[in-house]
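Participant:
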Amino acid sequence: MAFFKKKKQNAQHPRVLPEHIGIIMDGNGRWAKKRKLPRSAGHNAGGKVFRTISRYCSDIGIKYLTVYAFSTENWKRPKDEIDALMKLFKDYLEEALRDFKDDSIVVRFIGDKSPFSDELRALMIENEEGSKDRDGMVLNIAMNYGSRDELVRAVKLISQGVKNGEIDINSIDEDLVSSNLYTSGQPDPDLIIRPSGEYRISNFMLWQSAYTEFVIMNKLWPDFTTDDLDEAINIFNSRNRRFGGV
Ligand code: FPP
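Each step along the sequence shown adds one to the number in my numbering, with nothing skipped, and position 85 is 86.
1) State yes or no: is the C-beta of M144 within less than 8 Å of the C-beta of C58?
2) Measuring alpha carbon to alpha carbon, tell me which residue in S41, T213, S105 and S160 is nearest I24.
3) Please report the distance separating the alpha-carbon of I106 from that of L140.
4) Check for me: the alpha helix (DSSP H) holding I193 runs from which residue to which?
5) Which residue's Cα is closest to the Cα of L221: M26, L38, L18 and V17?
6) Assign A216 to one of two classes, buried (16 or more other C-beta atoms within 10 Å of its C-beta) or exposed (fewer than that).
7) How big is the Cα-Cα spacing for Y200 and V68?
8) Which of helix, strand or coil does DSSP assign to E214?
9) Kindly indicate which three-state DSSP category L38 falls into: helix, strand or coil?
10) Please state the DSSP three-state secondary structure of Y65.
11) Alpha carbons only, please: which of R240, S239, P223 and E120 is nearest the one belonging to G30?
12) Is the beta carbon of L98 closer than 8 Å to that of E120?
13) Where does the unbroken alpha helix (DSSP H) through Y93 begin, and where does it stop?
14) As a quick exercise: from T184, L158, F51 and Y183, pick the residue whose alpha carbon is nearest that of I1.
15) Go to M144, then tell me how far its beta strand (DSSP E) extends in each direction, as first and last residue.
Have a look at this one:
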């Protein structure tokens, strides 16, 4: 873990920077409702905050950021809301391709890409391919992601390996399961932040969060600021992580 680079740090007790942060970007709908706006306006505002916070995390030296943008359960939402979200994803990905060429951020998608439109899927792949050789923060955008779905997929991949004689059943261990998740090769999140005051994990990184510190914040995602992120990192620093030890 790196030390936190902000000016506020106390030289004697420098803050530790989480290596991997996960964010459940929640509260867009309530933010819009409070303003008598359509839910899509909340997602647009949330999309802007997503960009600010991603940039900020990259600037302060976070190595991995995973944001929950669309879950396997979100397809149950009304069609107009889903259409608005798909348009937002498309606009963002086109812009990311066009404008962020010099950016060092590596963009990855975690989740099953198959239900998305051909156009959106192509943009996802283009962003992944175009950024894979960069050396900056890895930004995992969880889209059509569900942690149970991810675990079922891992079980299938491992079972296939056993069936083909490539995996000995006695060699199945935690590392093998981890390496069959979408986040293969990445460290588990140290900190997961959930804005909007909800105390739920909502099918996000269930396996990876076994020892993660959770910070719940009473701010709706479109109101979330870089100061809130700093506050979450401060709260993380006040925790005593024992990983099951004493
Ligand atoms: C949950 O809030 C939020 C979502 C389902 C969508 C999150 C998407 C974004 C913030 C846009 C990100 C953009 C890109 C390009 C990755 P909610 O709608 O469930 O809010 P509510 O609980 O207040 O109804």
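Ideal Cβ placement from N, Cα and C applies to all residues, glycine included.
Facilitator: Reading from the atomic positions:
1) Reading the sequence shown from its first residue, position 143 is the one you call residue 144. Reading the sequence shown from its first residue, position 57 is the one you call residue 58. Going by C-beta atoms, M144 is not nearer than 8 Å to C58.
2) For the purposes of this step, residue 24 is identified with residue 23 of the sequence shown, where counting begins at 1. Taking only the C-alpha atoms, the option nearest I24 is T213.
3) Taking the sequence shown and counting its residues from 1, one reaches residue 106 at position 105. Taking the sequence shown and counting its residues from 1, one reaches residue 140 at position 139. Each residue's alpha carbon lies about 7 Å from the other.
4) Position 192 of the sequence shown, counted from the start, is the residue given in the question as residue 193. Premise fails: I193 lies in the beta strand (DSSP E), L192 to R195, not in any alpha helix (DSSP H).
5) Against the sequence shown, residue 221 aligns to sequence position 220. Comparing Cα positions, the closest option is M26.
6) Here residue 216 refers to the residue found at position 215 when the sequence shown is read from its first residue. Before going on, a small fix: residue 216 reads as Val here, not Ala. Flag for V216 reads buried.
7) As a first step, residue 200 is located in the sequence shown; it is residue number 199 there, counting from the start. As a first step, residue 68 is located in the sequence shown; it is residue number 67 there, counting from the start. Y200 and V68: Cα-Cα distance of roughly 17 Å.
8) By 1-based counting over the sequence shown, the position of residue 214 is 213. In the three-state reduction of the DSSP assignment, E214 falls in the strand class.
9) Position 37 of the sequence shown, counted from the first residue, corresponds to residue 38. Note: L38 maps to coil in three-state DSSP.
10) The sequence position of residue 65 within the sequence shown is 64, counting from 1. In the displayed model, Y65 falls within a strand according to three-state DSSP.
11) Locating residue 30 in the sequence shown gives position 29, where the first residue counts as 1. Selected option, being the one with the closest Cα: P223.
12) Position 119 of the sequence shown, counted from the start, is the residue given in the question as residue 120. Position 97 of the sequence shown, counted from the start, is the residue given in the question as residue 98. For E120 and L98, no; Cβs fall outside 8 Å.
13) One-based indexing of the sequence shown puts residue 93 at position 92. Under the DSSP assignment, Y93 falls in the alpha helix (DSSP H) whose first and last residues are K80 to D100.
14) The structure shown does not extend to residue 1, since the chain spans only 2 to 247, so no value can be given for it.
15) The count along the sequence shown starts at 1 and reaches residue 144 at position 143. It spans V139 to Y146 - the beta strand (DSSP E) in which M144 sits, taken as one unbroken run.
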